[in-house]
Amino acid sequence: MIAVEPTDLTYDYRLRYRGVPSPLQEFRNYPLRWEVNVALTPDGGTPTPTVASATAYLIPDAGLIDLDAALDLTVENLDEIQVVLSAQPDLMRDLGMYADGGDLLVVTALTVEQDYRGQALGHHVVNALLETVGRAVRLTVLKATLGLGAEETSGAGTDTDPLDAQRTYWENFGFMVVEDDVMAYSDWSTWLVDDDEDGEDTEVDDQWPEPQADD
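Numbering (our numbering), first residue to last: 69 to 283.
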């Protein structure tokens with residue numbers, strides 16, 4: 069393993085989009101497809117070849133659009149969202165996304181090169197997404213099997229089930245298992261729900277685990 073200092077990581081974000089995202093346009097083009105390449109730039113020197121990469125889809129104001137229509141028409145298959153909303157139908161409401169918006173992020177691909185694994189670089193990549201292009205994100209969804217090939221998932225259901233290890237890996241970031249390998253995360257410690265009987269907004273206790281420090 070080649071040790072990496074998080075401060076030496078350089079992120080290259082790429083988005084190509086025709087026009088400006090709007091719920092008035094065709095939903096087929098609505099999600100923003102972000103590609104991120106991560107290089108190592110020690111002491112401000114020349115970046116190394118890519119050490120990690122990711123693809124994520126950002127859906128602006130997901131609670132204020134016809135999300136089902138957008139998912140039906142979008143070019144990419146973002147079935148992770150449907151799994152989350154079927155298992156937790158009130159989740160977006162509880163996060164206030166139907167009231168005042170909030171973006172939804174789906175991480176569909178994440179790869180860390182073999183020589184750099186074992187130091188939670190996947191956590192750093194997702195955190196970087198949320199702290200840059202995803203600053204308005206209220207709900208993040210991914211599959212725990214991100215980055216695992218067919219050989220690595222062939223042990224599912226055994227004593228060395230790699231899926232269990234991947235679930236634990238993302239739980240250490242703060243994700244919760246929704247169903248099978250689909251996981252969800254929100255960094256909103258509290259959120260407002262419907263008014264109570266007195267007409268006052270009611271705070272709901274945080275149900276999300278706090279992100280843990282990387283080893």
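Ideal Cβ positions, reconstructed from N, Cα and C, are used throughout, including at glycine. None of the values given here were measured: they were computed from a predicted structure.
Compute the Euclidean distance between the alpha carbons of residue i and residue j, then round it to the nearest angstrom.
{"i": "Leu-132", "j": "Met-165", "result": "7 angstroms"}
{"i": "Asp-262", "j": "Asp-129", "result": "A caution first: Asp-262 carries a pLDDT of 41, below 50, which makes its placement in the model unreliable, though a value can still be read off. When rounded, the distance between both Cα atoms is 19 angstroms."}
{"i": "Asp-111", "j": "Val-119", "result": "16 angstroms"}
{"i": "Met-69", "j": "Asp-183", "result": "5 angstroms"}
Would you mind giving the Cβ-Cβ distance between residue i and residue j, rounded to the nearest angstrom? I have them listed as a contact below 8 angstroms.
{"i": "Thr-200", "j": "Tyr-81", "result": "7 angstroms"}
{"i": "Leu-172", "j": "Val-205", "result": "7 angstroms"}
Are there any heavy atoms of the ligand COA lying less than 6 angstroms away from the beta-carbon of residue i, as far as the coordinates show?
{"i": "Asp-249", "result": "The ligand COA is absent from the structure shown, which contains no ligand whatsoever."}
DSSP has residue i in a bridge; who is on the other side?
{"i": "Glu-103", "result": "Arg-82 and Thr-123"}
{"i": "Met-244", "result": "Ala-252"}
{"i": "Asp-171", "result": "Val-205"}
Taking the alpha-carbon of residue i as reference, which of the options has the nearest alpha-carbon?
{"i": "Trp-256", "options": "Asp-248, Arg-84 and Phe-243", "result": "Phe-243"}
{"i": "Phe-241", "options": "Asp-248, Asp-229, Leu-198 and Asp-171", "result": "Leu-198"}
{"i": "Leu-135", "options": "Ala-107, Val-104 and Leu-153", "result": "Leu-153"}
{"i": "Pro-117", "options": "Val-106, Ala-233, Leu-83 and Arg-185", "result": "Val-106"}
{"i": "Trp-102", "options": "Arg-84, Val-119 and Ser-90", "result": "Arg-84"}
{"i": "His-191", "options": "Leu-100, Leu-159 and Val-175", "result": "Val-175"}
{"i": "Leu-159", "options": "Arg-86, Leu-108 and Thr-208", "result": "Thr-208"}
{"i": "Tyr-237", "options": "Ser-254, Val-246 and Thr-213", "result": "Thr-213"}
{"i": "Met-251", "options": "Thr-142, Val-72, Asp-147 and Pro-74", "result": "Asp-147"}
DSSP state of residue i, grouped into three classes?
{"i": "Arg-161", "result": "helix"}
{"i": "Leu-214", "result": "coil"}
{"i": "Ala-177", "result": "strand"}
{"i": "Asp-129", "result": "coil"}
{"i": "Leu-77", "result": "strand"}
{"i": "Leu-146", "result": "coil"}
For residue i, would you say it is in contact with chain D, using Cβ-to-Cβ distances shorter than 7 angstroms as the test?
{"i": "Val-152", "result": "Absent from the structure: chain D. Only one protein chain is present."}
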